[in-house]
Each structure stands twice: as structure tokens, then as C-alpha cells.
Amino acid sequence: MYESHAVEIDGVFLGAIILDTNRTSHRFYATHDSVRVLHNQILNERRELVRRAAAQFRGSARNGGQHAYHSA
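Heads up, the sequence shown stops at 513 in the numbering used here, and the numbers go up one at a time, no gaps.
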């Protein structure tokens, strides 16, 4: 079974980070449209993936994209 961690920013679930079978790299599984560009991105540092997802999410909101507080 894979180990995973939820990525939630400002109360919004953006996706999950999955520890790959090699146990050294982490893959981002995007579920929120604002971070879809990061889907399947692989890095060795989980914190860096979270940082990138947060920056993408907040940047999307600033630029008029889908935001945490918009209703679908």
C-alpha cells in the first residue's frame, strides 16, 4: 500500500502527495482545478510539493481563477 498525505490549503482540499514505491520521491495527485498543472509532478521533497501547490492555488485566486470561496 502507498503512503499518502492530503494537501489542504486555506481549508480547501487540493490533492494528495503519494510516496512512490522507491520511498524517496513524492508525486502530487491534483484534484482541484487550480492546481491541475502540477498533477503527477514528482519531487524528492514533500514540503516543496506542498509549497508549489499553495503558491499555484493562491496565485490562481489572485488572477481571477477558481478560488476557495467561490461556489461551484
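Glycine included, every Cβ here is placed at the ideal spot set by N, Cα and C.
* Would the beta-carbon of Ala457 fall within 8 Å of that of His473? -> no
* To the nearest angstrom, report how far apart Glu486 and Thr465 are at their CA atoms. => 8 Å
* **The beta strand (DSSP E) enclosing Val448, as first and last residue numbers** => Glu444 to Ile450
* Quick one: Cα of Arg536 to Cα of Arg468, how far? -> Here the chain covers residues 442 to 513 and nothing more, so residue 536 does not appear.
* Asked: Among Ala471, Leu484 and Asp461, which has the Cα closest to the Cα of Gln497?
  -> Ala471
* Looking at the unbroken alpha helix (DSSP H) that takes in Arg468, where does it start and where does it end? -> First-last for Arg468: His467 to Ala471, but that is the beta strand (DSSP E), not the alpha helix (DSSP H).
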